[in-house]
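A.B. asks: In my numbering, the protein residues as written are 6 to 177. One structure, as structure tokens, below. Some questions next.
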């Protein structure tokens with residue numbers, strides 16, 4: 006009977022923690038909506054992209070969170086597609102490139118660098134839609150992303166003292 010309860014609790018954690026992350030991504034982005042969209046953006050919820058370095062289940066959570074947030078984008082459906090694709094690429098690359106990383110600092114650096122393709126896509130989208138210079142747009146979106154990821158690395162590291170993101174459970 007104990008094995009069943011342990012397995013059931015594990016399954017619940019595998020669903021609950023990613024759902025919480027998706028919900029937090031949406032809530033933080035929408036509460037800070039004026040900063041979350043546009044050529045000059047600081048989407049603080051991007052900090053959760055670091056979690057893809059710990060377990061692939063967070064990729065799905067982050068894609069879902071980004072997709073929901075981008076439904077509120079002033080750019081419309083194009084941002085749902087392009088922005089969500091950027092998150093899918095960045096988090097998948099993060100997971101693939103950090104699988105053998107043993108130090109969290111290494112994971113955070115790789116995760117941050119893996120967001121650059123998504124930044125490129127978003128900057129390209131903004132340039133085409135708003136007819137604004139690409140390099141300036143890329144630079145401003147990149148600065149916002151780097152800031153979000155830097156703050157996020159600190160926050161996620163602090164959370165790792167309480168939460169085992171690899172196995173999806175609270176530490177004792």
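Backbone N, C-alpha and C fix where the C-beta goes; we use that ideal spot for every residue, glycine too. Computed from a predicted model, the values in this text were never measured in an experiment.
May I ask which residues mark the beginning and end of the alpha helix (DSSP H) holding residue 155?
C.D. replies: One-based indexing of the chain shown puts residue 155 at position 150. Its alpha helix (DSSP H) spans residues 139-164.
A.B. asks: To which residues does DSSP link residue 169 through a beta bridge?
C.D. replies: Residue 169 sits at position 164 when you count from the first residue of the chain shown. Beta-bridge pairing links residue 169 to 174.
A.B. asks: Candidates 60, 129, 38, 87: which alpha carbon is nearest residue 106's?
C.D. replies: Along the chain shown, read from residue 1 onward, the residue named residue 106 stands at position 101. Of the listed residues, the one whose Cα sits closest to residue 106 is 60.
A.B. asks: State buried or exposed for residue 38, treating a residue as buried only when at least 16 other CB atoms are found within 10 Å of its CB.
C.D. replies: Translated into the one-based positions of the chain shown, residue 38 becomes position 33. So residue 38 counts as exposed.
A.B. asks: Less than 8 Å between the C-beta atoms of residue 157 and residue 42, yes or no?
C.D. replies: Walking along the chain shown from the start, residue 157 turns up at place 152. Walking along the chain shown from the start, residue 42 turns up at place 37. In this structure, residue 42 does not lie closer than 8 Å to residue 157 by Cβ.
A.B. asks: Indicate whether residue 47 and residue 149 have their beta-carbon atoms separated by less than 8 Å.
C.D. replies: If you number the chain shown from 1, residue 47 lands on position 42. If you number the chain shown from 1, residue 149 lands on position 144. Yes, the Cβ-Cβ distance between residue 47 and residue 149 is below 8 Å.
A.B. asks: Buried or exposed for residue 9, going by 16 or more other Cβ atoms inside 10 Å?
C.D. replies: Reading the chain shown from its first residue, position 4 is the one you call residue 9. Legend: pLDDT at residue 9 = 49, less than 50; position of this residue unreliable, no value from coordinates given.
A.B. asks: With the cut-off set at 8 Å, would you say residue 72 and residue 89 are in Cβ contact?
C.D. replies: As a working note, residue 72 is residue 67 in the chain shown. As a working note, residue 89 is residue 84 in the chain shown. Yes. Within cutoff.
A.B. asks: Are the CB atoms of residue 131 and residue 44 within a distance shorter than 8 Å?
C.D. replies: Looking up residue 44 in the chain shown gives position 39. Looking up residue 131 in the chain shown gives position 126. For residue 44 and residue 131, yes; Cβs fall inside 8 Å.
A.B. asks: Excluding sequence positions up to five away, which residues of its chain have a Cβ less than 6 Å from the Cβ of residue 70?
C.D. replies: Reading the chain shown from its first residue, position 65 is the one you call residue 70. If we look at residue 70 and ignore the five residues flanking it on each side, its Cβ neighbours are 27, 30, 31.
A.B. asks: From 55, 134, 40, 81, pick the residue whose C-alpha is nearest to that of residue 113; which is it?
C.D. replies: The residue labelled residue 113 in the question sits at position 108 within the chain shown. Closest by alpha carbon: 55.
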